[in-house]
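Enquirer:
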Amino acid sequence: MLRFMDWSVVALGCLLVLGSLGSRWWERIMVSKGHSPDQGIRFFWTWFPLLMGLGMIGAKVPGLLHAPHLVVELIGALNFALTITVLFFALRSGRRIFRRRGTV
Numbered sequence: 034m035l036r037f038m039d040w041s042v043v044a045l046g047c048l049l050v051l052g053s054l055g056s057r058w059w060e061r062i063m064v065s066k067g068h069s070p071d072q073g074i075r076f077f078w079t080w081f082p083l084l085m086g087l088g089m090i091g092a093k094v095p096g097l098l099h100a101p102h103l104v105v106e107l108i109g110a111l112n113f114a115l116t117i118t119v120l121f122f123a124l125r126s127g128r129r130i131f132r133r134r135g136t137v
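In the numbering used here, the protein residues as written are 34 to 137.
1) Which residue comes first and which comes last in the alpha helix (DSSP H) that contains Met38?
2) Could you tell me whether the region 77 to 88 touches the region 44 to 63, where touching means 3 or more Cβ pairs closer than 8 Å?
3) Using C-beta distances below 8 Å, list every residue in its chain close to Val43, excluding the 5 sequence neighbours before and after it, in chain order.
4) Identify the continuous alpha helix (DSSP H) that holds Phe81 and give its terminal residues.
5) I need the DSSP call for Ala100, collapsed to helix, strand or coil.
6) Only counting the same chain, and skipping five residues up and downstream in sequence, which positions put a Cβ closer than 8 Å to that of Thr116?
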């Protein structure tokens, strides 16, 4: 049962990555039709799911594939750096959105 749950986390990460790529594709279609892209929300629709999906995949796949301990630790350190990066970008994007609306 735990093995199934681990693979379901990987599947959810893959869905997030695919959703992010679909969002990017949709944005390109809308821009080609003449709509202007919203740069503030772009992070939350394109980059945030992509980075979170990669983090979820990276957290589970090395352990599921019985990678050496060094590889698992290295991927864990990269996931921590990715988490800090996502947090920084989310706070920066949120600050821009709220400043534009005049609430901060």
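Where is the CB? At the ideal position from N, CA and C, for every residue including glycine.
Expert: Walking through what the data contain:
1) As a working mapping, residue 38 is identified with position 5 in the sequence shown. Taken as a continuous stretch (DSSP letters only), the alpha helix (DSSP H) holding Met38 covers Leu35 to Ser65.
2) yes
3) Position 10 of the sequence shown, counted from the start, is the residue given in the question as residue 43. Excluding sequence neighbours, Val43 sits near Met89, Ile90, Lys93, Val94 and Leu97.
4) Counting from one through the sequence shown, the residue named residue 81 turns up at place 48. Phe81 to Leu97 is the span of the alpha helix (DSSP H), which, as asked, contains Phe81.
5) Here residue 100 refers to the residue found at position 67 when the sequence shown is read from its first residue. In the structure shown, Ala100 sits in coil (DSSP, three-state: anything other than H, G, I, E or B).
6) Counting from 1 along the sequence shown, the entry for residue 116 is found at position 83. These residues qualify, in order along the chain: Gly88.
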